[in-house]
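Q: Chains as they are written, first to last, in this note's numbering: chain B, 1 to 259; chain Y, 260 to 518.
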DNA sequence: CCGCGATAATACCAATAAAATACCAATAGC
DNA sequence: GCTATTGGTATTTTATTGGTATTATCGCGG
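#1: Going by the beta-carbon positions, is the gap between residue 207 of chain B and residue 234 of chain B smaller than 8 Å?
#2: Could you tell me which whole beta strand (DSSP E) segments of length 3 or greater appear in the region 414-499 of chain Y?
#3: Roughly how many angstroms separate the alpha carbons of residue 338 of chain Y and residue 306 of chain Y, rounded to a whole number?
#4: Can you tell me the Cβ-Cβ gap for residue 157 of chain B and residue 147 of chain B, rounded? I've got them flagged as a contact below 8 Å.
#5: Counting only Cβ-Cβ distances shorter than 9 Å, please list the residues of the region 177-209 of chain B near chain Y, keeping chain order.
#6: Checking 8 Å against the spacing of the C-beta atoms, do residue 160 of chain B and residue 128 of chain B come in under that value?
#7: Give me the Cα-Cα distance between residue 393 of chain Y and residue 194 of chain B, rounded to the nearest whole angstrom.
#8: Give me the residue from Y/430, Y/320, Y/488, Y/476 with the minimum Cα distance to residue 448 of chain Y.
#9: Just verifying my parser: in three-state terms, what is the DSSP assignment at residue 406 of chain Y?
#10: Taking all protein chains shown into account, decide if residue 64 of chain B is buried (16 or more other Cβ within 10 angstroms of its Cβ) or exposed.
#11: For residue 76 of chain B, collect the residues of the same chain with a Cβ closer than 6 Å to its Cβ; drop the 5 residues on either side in sequence, then sort them by chain order.
#12: Answer with buried or exposed for residue 278 of chain Y, where buried requires no fewer than 16 other C-beta atoms within 10 angstroms of its C-beta.
#13: State buried or exposed for residue 205 of chain B, treating a residue as buried only when at least 16 other CB atoms are found within 10 Å of its CB.
#14: What separation, rounded to the nearest whole angstrom, lies between the Cα atoms of residue 462 of chain Y and residue 373 of chain Y?
#15: For residue 434 of chain Y, return the contacting residues in chain B, with the cut-off set at a CB-CB distance below 8 Å.
#16: In the DSSP assignment, find the unbroken beta strand (DSSP E) run with residue 119 of chain B in it and report its ends.
#17: Where residue 240 of chain B and residue 459 of chain Y are concerned, what is the direct C-alpha to C-alpha distance, given to the nearest angstrom?
#18: Candidates B/84, B/30, B/56, B/31: which alpha carbon is nearest residue 44 of chain B's?
#19: Please report the distance separating the alpha-carbon of residue 218 of chain Y from that of residue 380 of chain Y.
#20: By Cβ distance below 6 Å, which residues in the same chain neighbour residue 479 of chain Y in space, the five residues on each side in sequence not counted?
#21: Check the C-beta distance from residue 519 of chain Y over to residue 198 of chain B and give it rounded, since I have them as a contact under 8 Å.
#22: Start and end of the alpha helix (DSSP H) containing residue 82 of chain B?
#23: Excluding the 5 residues preceding and the 5 following residue 316 of chain Y in the sequence, name in chain order all residues of the same chain whose CB lies nearer than 7 Å to its CB.
#24: Cα-Cα, which of B/125, B/209, B/223, B/224 is closest to residue 139 of chain B?
#25: Can you grab the Cα-Cα spacing for the pair residue 382 of chain Y / residue 438 of chain Y, in whole Å?
#26: Any C-beta of chain B sitting closer than 8 Å to the C-beta of residue 372 of chain Y?
#27: Can you tell me which of the three DSSP states residue 153 of chain B falls into?
#28: In whole angstroms, what is the alpha-carbon distance linking residue 427 of chain Y and residue 470 of chain Y?
#29: Should residue 392 of chain Y be flagged as near chain B, meaning a C-beta pair shorter than 8 Å?
#30: So, for residue 523 of chain Y: in the same chain, excluding its five sequence neighbours on each side, which residues have a beta-carbon less than 8 Å away from its beta-carbon?
#31: What residues from chain Y crowd round residue 148 of chain B, counting only those whose CB sits closer than 7 Å?
#32: Are the C-beta atoms of residue 280 of chain Y and some chain B residue less than 8 Å apart?
#33: For residue 332 of chain Y versus residue 289 of chain Y, is the C-beta spacing smaller than 8 Å?
#34: Per DSSP, what kind of secondary structure is residue 134 of chain B in: helix, strand or coil?
#35: Which chain B residues are close to residue 318 of chain Y, counting only those with a beta carbon under 7 Å from its beta carbon?
#36: Where do the N-terminal and C-terminal ends of the beta strand (DSSP E) with residue 294 of chain Y fall, by residue?
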């Protein structure tokens, strides 16, 4: 059943309510978008299609669609069609600029230092093999450090890099990215996932909070220009002490060539 | 049976679907590559061959092929032919398409719906007065809803809007932003803060998890083009069920170290 | 009663995309 | 080099899409 059909089904269901036709239709479309039956970038059936299938005049359809265009949830292109507008959530991803830890701390006038927890070569875990594309005979370099601001521990950062790229973890200075860049392996893109977890005993002790307290769990995968995965980092932040700030911006209709 | 013939077979099968010819053809070629019928480095039949065998114009064939070239799946060499791109180039393509939460849910066939928890006018809290710039004699419209995916509660969303902008919260359809936009108060920018908290009793009960479990706490302030604050939303997501995904672009050499 | 707005229908205009035709330019093979 | 074959491009036609002006109808209040 196509998304378009679902709209019509919804329309018929909500029918005979006495309300103006264009309001019924507007609500049906609105819900279809809201439930994700038709996602951002997807095309609506043409005004004429909707009109004939719903057996109402095209101008009435148009009135409903126009309202939603004014409301910003639909976008129309003359000669082309009507499309679902990009959502806030969608724009978040592409345009968000997460302020970095050090930037943020510096702005607050806090001193930042790191304490090494671990630097060495290990046999890779299944996770690491998957993400970094390693075989079980290769080694992985693990780098773990505790981030401390104003003598308060704020985060634990654990990075995994293929040993072929970083054969000597001990040689890293203060910046992992500088070390990678010097061997010509500078990441140009990264994908981050943020979730929340209750801190385990070990991590809680390091961050000097009681076990079970909420923490931000962040996984980041960095890519080279070639598309190869270069680094895999898992960090845990104290939820009470750190805020991630993101600025979002809404833009015009995006280019979606592929359904 | 040659690889080329398989494409044509696939094309005929998928025919009469009403979709534009070049889309049908593009899909057929894409599938042939994905199934490995034609591997990296292999040559496609010439545009003219495809055109005559499929009995469509060469320009239409070209349109389909061009799209795949832009997508990095095919490579063309003038005077030589069209070839399937080496795999490395294609990895990035698939990875650069991040799926948002709602998109993800929709793709997995999950239904996303909302349950209203509250819609009404109230005397503003100190927080709300500060952020929205209200005086103590003005009212604030509060809109709260529970977001549910596949009968699993995922988030609680509480929005506060000045009553002068949204005098009748009951009249909101399924989308708050559409309601705001239709009155000419469409937000164009937003700032978000993400942190982690342990869920309180009330929120935990709504989200159907034990109290004290970690949750993502997101505060968002939306601005009009004029710079005026239009909306203030506080949301709590189940930490175990929601991932906030962000793509970062790392630019310029010698960037500062990141969190 | 009349006027006015909201609702809805009809008919026509304008922009765009889809597809076809004809011709140009680079490459491979001899 | 020449030539057949390949991709590259410009131009045009047609169908489909949204955009708009005009008119008819209903309901309600002056």
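The C-beta atom is built at its ideal place from N, Cα and C for all residues, glycine as well. In this text the structure is predicted, and so the values were computed from the model without any measurement.
A: Taking the definition as stated:
#1: Position 207 of the first chain, counted from the first residue, corresponds to residue 207 of chain B. Position 234 of the first chain, counted from the first residue, corresponds to residue 234 of chain B. Against a cut-off of 8 Å, the Cβ pair of residue 234 of chain B and residue 207 of chain B comes out as no contact.
#2: 448-457, 473-482, 488-497
#3: Position 79 of the second chain, counting from 1, holds the residue named residue 338 of chain Y. Position 47 of the second chain, counting from 1, holds the residue named residue 306 of chain Y. Taking the straight line from one Cα to the other gives about 12 Å.
#4: Taking the first residue of the first chain as 1, we reach residue 157 of chain B at position 157. Taking the first residue of the first chain as 1, we reach residue 147 of chain B at position 147. Confirmed, about 6 Å.
#5: 177, 178, 181, 186, 187, 188, 189, 190, 191, 192, 193, 194, 195, 196, 197, 198, 199
#6: Here residue 160 of chain B refers to the residue found at position 160 when the first chain is read from its first residue. Here residue 128 of chain B refers to the residue found at position 128 when the first chain is read from its first residue. In this structure, residue 128 of chain B lies closer than 8 Å to residue 160 of chain B by Cβ.
#7: On the second chain, residue 393 of chain Y is found 134 positions in, with the first residue counted as 1. On the first chain, residue 194 of chain B is found 194 positions in, with the first residue counted as 1. The alpha-carbon atoms of residue 393 of chain Y and residue 194 of chain B are separated by roughly 33 Å.
#8: Translated into the one-based positions of the second chain, residue 448 of chain Y becomes position 189. In this structure, Y/488 is the residue among Y/430, Y/320, Y/488, Y/476 with its C-alpha nearest to the C-alpha of residue 448 of chain Y.
#9: Taking the second chain and counting its residues from 1, the one referred to as residue 406 of chain Y is at position 147. Residue 406 of chain Y: strand per DSSP, three-state reduction.
#10: Taking the first residue of the first chain as position 1, residue 64 of chain B is located at position 64. With 16 or more other Cβ atoms within 10 Å, it is buried.
#11: Residue mapping note: residue 76 of chain B aligns to position 76 of the first chain, counting from 1. 69, 82, listed in sequence order.
#12: Position 19 of the second chain, counted from the first residue, corresponds to residue 278 of chain Y. It is exposed - the Cβ of residue 278 of chain Y has fewer than 16 other Cβ atoms within 10 Å.
#13: By one-based count along the first chain, residue 205 of chain B stands at place 205. Counting Cβ neighbours within 10 Å, residue 205 of chain B comes out exposed, since fewer than 16 surround it.
#14: For the purposes of this step, residue 462 of chain Y is taken as the residue at position 203 of the second chain. For the purposes of this step, residue 373 of chain Y is taken as the residue at position 114 of the second chain. Roughly 16 Å separates the two Cα atoms.
#15: Your numbering for residue 434 of chain Y matches position 175 in the second chain. Chain B residues near residue 434 of chain Y: 30, 33, 34, 71, 73.
#16: Against the first chain, residue 119 of chain B aligns to sequence position 119. First-last of the beta strand (DSSP E) with residue 119 of chain B: 112-122.
#17: Reading the first chain from its first residue, position 240 is the one you call residue 240 of chain B. Reading the second chain from its first residue, position 200 is the one you call residue 459 of chain Y. Each residue's alpha carbon lies about 15 Å from the other.
#18: What you label residue 44 of chain B is simply residue 44 of the first chain in a count that begins at 1. That would be B/84, whose Cα lies nearest to the Cα of residue 44 of chain B.
#19: Past the boundaries of the shown model lies residue 218 of chain Y; chain Y is included only from 260 to 518, so the question cannot be answered.
#20: Mapped onto the second chain, residue 479 of chain Y falls at position 220. Hits under 6 Å: 449, 451, 492.
#21: An answer regarding residue 519 of chain Y cannot be provided, because it is not within the stretch 260 to 518 covered by chain Y.
#22: By 1-based counting over the first chain, the position of residue 82 of chain B is 82. No alpha helix (DSSP H) holds residue 82 of chain B; the beta strand (DSSP E) holding it covers 81-84.
#23: The residue labelled residue 316 of chain Y in the question sits at position 57 within the second chain. For residue 316 of chain Y, where only same-chain residues beyond five positions count, the Cβ hits under 7 Å are 310.
#24: Counting from one through the first chain, the residue named residue 139 of chain B turns up at place 139. Out of B/125, B/209, B/223, B/224, B/125 has the C-alpha closest to the C-alpha of residue 139 of chain B.
#25: For the purposes of this step, residue 382 of chain Y is taken as residue 123 along the second chain, with counting starting at 1. For the purposes of this step, residue 438 of chain Y is taken as residue 179 along the second chain, with counting starting at 1. Between residue 382 of chain Y and residue 438 of chain Y, the C-alpha separation is close to 22 Å.
#26: One-based indexing of the second chain puts residue 372 of chain Y at position 113. Cβ-Cβ to chain B under 8 Å: yes for residue 372 of chain Y.
#27: Taking the first residue of the first chain as position 1, residue 153 of chain B is located at position 153. DSSP places residue 153 of chain B in strand when its eight states are reduced to three.
#28: Residue numbering aside, residue 427 of chain Y sits at position 168 when the second chain is read from its first letter. Residue numbering aside, residue 470 of chain Y sits at position 211 when the second chain is read from its first letter. Each residue's Cα considered, the two are about 34 Å apart.
#29: Position 133 of the second chain holds residue 392 of chain Y. Chain B contact via Cβ: absent.
#30: No answer is possible for residue 523 of chain Y: it lies beyond the span of chain Y, which begins at 260 and ends at 518.
#31: The residue given as residue 148 of chain B occupies position 148 in the first chain. Going along chain Y, no residue has its Cβ under 7 Å from residue 148 of chain B, so there is no contact; the nearest lies around 13 Å.
#32: In the second chain, counting from the first residue as 1, residue 280 of chain Y sits at position 21. It does not: the Cβ of residue 280 of chain Y has no partner Cβ on chain B nearer than 8 Å.
#33: Locating residue 332 of chain Y in the second chain gives position 73, counting from the first residue. Locating residue 289 of chain Y in the second chain gives position 30, counting from the first residue. Yes. Within cutoff.
#34: Looking up residue 134 of chain B in the first chain gives position 134. If DSSP states are grouped into helix, strand and coil, residue 134 of chain B belongs with coil.
#35: In the second chain, the residue the question calls residue 318 of chain Y occupies position 59. In chain B, no part has a C-beta under 7 Å from the C-beta of residue 318 of chain Y; the shortest such distance is about 17 Å.
#36: Translated into the one-based positions of the second chain, residue 294 of chain Y becomes position 35. Note, residue 294 of chain Y: premise wrong, no beta strand (DSSP E); not H, not E.
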